[in-house]
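For the sequence shown, the residue numbers in the numbering used here are 86 to 272. Note that the Cβ used here is the ideal one computed from N, Cα and C, for glycine as well. A quick note: this is a predicted structure, and the numbers were derived from the prediction, not measured. Inspection log for the structure reproduced underneath, given as structure tokens.
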Amino acid sequence: GWCEMHYGRWLLYEDPLGMSTMTARRLVPPPEGYQWCSKCERYLLFKEFVSHKGNPNDLSRWCTTCAWKNYILKIYNVTWEQYSEMWMAQDGRCATCKKPETVRDVNDKIRRLSIDHDHNHCRGNKSCGKCVRGLLCSNCNRVIGMIDDNAETAEEMAAYLRSSGVLYSEEVLYARSGLQVEGVNSP
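Structure below.
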């Protein structure tokens with residue numbers, strides 16, 4: 086049995102020594118090549134953190150997973166569980182091209198699929214969470230952003246890609262330019 090003081094510490098901290106995680110962490114040096122994530126409260130390899138000048142080891146205080154969870158909740162109003170459900174429903178593939186993500190991040194890891202939301206519903210970069218359409222690969226997300234979420238433009242692009250033949254032949258282009266090219270627009 087414990088004395089009254091240690092029993093009280095066990096009740097408060099689930100630790101008979103009464104040390105908080107932060108106190109215990111200060112007493113034990115981190116393993117070589119590891120850093121503490123202050124969000125998930127674990128030691129992780131340096132590569133699990135992004136660089137952040139001014140912090141110890143010039144790394145962010147949160148690991149990339151915790152930072153991502155915080156980002157999607159703050160920007161898209163989507164929890165990690167909701168993101169995981171969408172990812173599973175899409176079989177880990179882009180909602181438009183049906184391919185997995187191929188773009189790599191600064192740590193040379195494959196990026197996560199991007200959350201796509203209707204910019205006409207929620208203006209700007211933040212979302213209410215109700216207008217989330219799905220998960221996209223970086224390339225498809227970039228294309229949709231470049232056409233300003235305009236479905237008509239996307240349909241015109243699709244029609245253009247489906248069209249057979251060349252819109253402007255070499256002869257037409259040279260004729261319009263006014264250049265004399267032997268064998269093309271010369272008699």
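List the endpoints of the continuous beta strand (DSSP E) containing residue i.
{"i": "residue 120", "result": "119 to 122"}
Give me the DSSP bridge partner(s) of residue i.
{"i": "residue 219", "result": "201"}
{"i": "residue 130", "result": "119"}
{"i": "residue 158", "result": "Partner(s): none; residue 158 has no beta bridge."}
{"i": "residue 208", "result": "Answer is none; residue 208 lacks a bridge partner."}
{"i": "residue 189", "result": "195"}
Once DSSP output is grouped into helix, strand and coil, what is the label at residue i?
{"i": "residue 232", "result": "coil"}
{"i": "residue 136", "result": "strand"}
{"i": "residue 272", "result": "Caution applies to residue 272, whose pLDDT of 48 falls short of 50 and renders its modelled position unreliable; the value that the coordinates give is listed next. If DSSP states are grouped into helix, strand and coil, residue 272 belongs with coil."}
{"i": "residue 146", "result": "coil"}
{"i": "residue 227", "result": "helix"}
{"i": "residue 247", "result": "helix"}
{"i": "residue 181", "result": "coil"}
{"i": "residue 125", "result": "coil"}
{"i": "residue 151", "result": "helix"}
{"i": "residue 141", "result": "helix"}
{"i": "residue 88", "result": "coil"}
Starting from residue i, follow the alpha helix (DSSP H) in both directions and report where the run begins and ends.
{"i": "residue 164", "result": "Element bounds for residue 164: n/a, residue is neither H nor E."}
Could you check which residue in the options has the C-alpha nearest to that of residue i?
{"i": "residue 183", "options": "135, 172 and 192", "result": "172"}
{"i": "residue 126", "options": "151, 215, 161 and 140", "result": "151"}
{"i": "residue 165", "options": "136, 198, 118 and 248", "result": "198"}
{"i": "residue 223", "options": "244, 200, 116 and 156", "result": "200"}
{"i": "residue 207", "options": "233, 167, 189 and 121", "result": "233"}
{"i": "residue 210", "options": "247, 157 and 190", "result": "157"}
{"i": "residue 159", "options": "247, 218 and 214", "result": "214"}
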